[in-house]
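Engineer: Here it is: the structure, laid out below.
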Amino acid sequence: MPETGRARTTGRAVLGGVLTGVGIAAFIDETVFHQLLHWHHFYDKSTPDMGLVSDGIFHAGGWFAVVAGLFLYADLRRRDTLVRPGWWGGVCLGLGGFQLYDGTFQHKVLEIHQIRYGVDVAPYDWTWNAIAVLFLAAGATLLVKARRAERR
């Protein structure tokens, strides 16, 4: 069954939101935990200089995601086809998805960095991942709302 124009528009809104959400999460992580608190770098398995280089690449990637997401948002607004619950649902999914990926895969599987060093990381990990799940739940709720609006 081919997608309707409205379904494609909702999909583009979700994609734009996800990209924006990933970029926002990356910006917050980089700014707060890497630069202000100095808790870790994106890649901590090398020299401090390489950690700073990895932070710069990570920061640039996050901003690229925000710019791409906002271009999609602007195009949908220009066409007057923006599905706001879809876009906001995508933002929440991007934020939560990035954070859960970071907290599980990067911290635990790849071990490229921990959220913090020299302390018991369990409370930090649980908080980090619980917040991610809350964002994912909010995003899923908003996507259900967007799909219902799409059917009307």
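Going by the working numbering, the letters in the sequence shown line up with residues 423 to 574, in that order. All C-beta atoms in this analysis are idealised placements derived from N, C-alpha and C, irrespective of residue type, glycine included.
#1: Taking 8 Å as the cut-off, does the region 510-529 touch the region 545-560 (at least 3 CB pairs, one atom from each stretch)?
#2: What first and last residue would you give for the alpha helix (DSSP H) that runs through R500?
#3: Do the region 430-437 and the region 449-457 touch if we need at least three Cβ pairs shorter than 8 Å?
#4: Between the C-alpha atoms of L498 and A487, what's the straight-line distance to the nearest angstrom?
#5: Quick check: L585 and A482, are their CB atoms within less than 7 Å of each other?
#6: Identify whether H462 lies in helix, strand or coil by the three-state DSSP scheme.
#7: Does the beta-carbon distance from T432 to G508 come in below 7 Å?
#8: Cα separation between K567 and P470?
#9: Quick one: is S476 buried, meaning 16 or more other Cβ sit within 10 Å of its Cβ, or exposed?
#10: Is L565 helix, strand or coil when you go by DSSP?
#11: Count the other CB atoms within 10 Å of the CB of G478; is the residue buried (16 or more) or exposed (fewer)?
#12: Please classify E533 as buried or exposed, where buried requires at least 16 neighbouring CB atoms within 10 angstroms.
#13: Say yes only if the C-beta of G483 is nearer than 6 Å to one or more non-hydrogen atoms of the ligand MN, and no if none qualify.
Structural biologist: This is what the structure holds:
#1: yes
#2: P470 to R500
#3: no
#4: 17 Å
#5: The chain is shown only over 423 to 574; residue 585 falls outside these bounds and no answer can be derived.
#6: coil
#7: yes
#8: 46 Å
#9: buried
#10: helix
#11: exposed
#12: exposed
#13: Here there are no bound small molecules, and the ligand MN is not part of this structure.
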